[in-house]
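Numbering (UniProt numbering) for the sequence shown: 1 to 169. Take a look at the structure below.
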Amino acid sequence: MSRYRKPTGSLRSLDGRSNRQLARSGRCSPWRSNPMKEFEMMRQLRFLIVDDTADMRELMVRVVEREGHVAETAADGVEATVALSAHRYDVMLLDLSMPRMSGEDVVRWLHAHPDRTEGMRTVVVSAWAGERRGTLQELGITSVLAKPFRRKDLTDLIADVAADMPAES
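Okay, here's the thing in structure tokens:
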């Protein structure tokens with residue numbers, strides 16, 4: 001006689017979703033074909049969130065942290081350059097229209113200091129990105145999240161960025 005007992009009910013994740021729901025979402029599944037890719041997706045990234053609106057910074061911090069990453073903030077471009085000079089980040093979410101130093105000026109600063117920003121991905125988060133498309137392309141910005149955005153738009157962007165980031169050495 002076997003001591004194995006068939007489990008009753010379905011297995012659930014910590015947030016209450018079943019294995020089938022997790023597999024459909026593609027976020028976590030015991031049947032993933034590439035364990036290394038799964039590991040890379042779990043890497044904790046450091047985000048710098050630069051926006052002059054406190055509510056917007058707070059919202060983005062909450063979403064980034066709920067996705068399992070670390071977030072720091074800057075209220076304008078000057079604070080951003082100070083933070084970038086002192087710390088290394090994997091991703092910067094950057095507003096364009098800010099007092100003291102605009103997002104475009106921050107990107108120009110990034111080009112002048114490539115040693116401080118090597119490997120960092122910059123994503124412009126702005127309501128004005130469409131109007132400034134030409135300038136952004138000249139500056140080498142290819143990732144844009146248009147305001148207003150839904151929380152899901154930001155979580156999808158975070159997942160895409162995390163999947164594209166190289167594994168830590």
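Even for Gly, the Cβ is constructed at its ideal location relative to N, Cα and C.
> Can you name, in chain order, every residue of its own chain whose Cβ lies under 8 Å from the Cβ of Glu72, other than the five neighbours on each side?
Replying inline: Arg46, Phe47, Leu48, Ile49, Ala83, His87, Tyr89
> So is Ser126 buried or exposed if we call it buried at 16+ other beta carbons inside 10 Å?
Replying inline: buried
>> Would Val78 and Ile158 qualify as a contact pair, given that the criterion is a beta-carbon distance under 8 Å?
In response: no
>> Short of 6 Å in beta carbon distance, which residues of its chain neighbour Ser143, apart from the five on each side in sequence? Order them along the chain.
In response: Val123
>> Taking 7 Å as the limit between beta carbons, can you name the residues of its chain near Ser102, skipping five residues before and five after?
In response: Gly77, Leu96
> Residue range of the alpha helix (DSSP H) that Ser97 falls in?
Replying inline: Note, Ser97: premise wrong, no alpha helix (DSSP H); not H, not E.
> Leu139 to Ala146, Cα distance in whole Å?
Replying inline: 18 Å
>> Helix, strand or coil for Met92? Go by DSSP, reduced to three states.
In response: strand
>> Classify Arg57: buried if its beta carbon has 16 or more other beta carbons within 10 angstroms, exposed otherwise.
In response: buried
> Helix or strand or just coil, what does DSSP make of Ala74?
Replying inline: strand
> Thr81: buried (16+ other C-beta within 10 angstroms of its C-beta) or exposed?
Replying inline: buried
>> By alpha-carbon positions, which one of Leu59, Ala54, Asp52 ends up nearest to Phe149?
In response: Leu59
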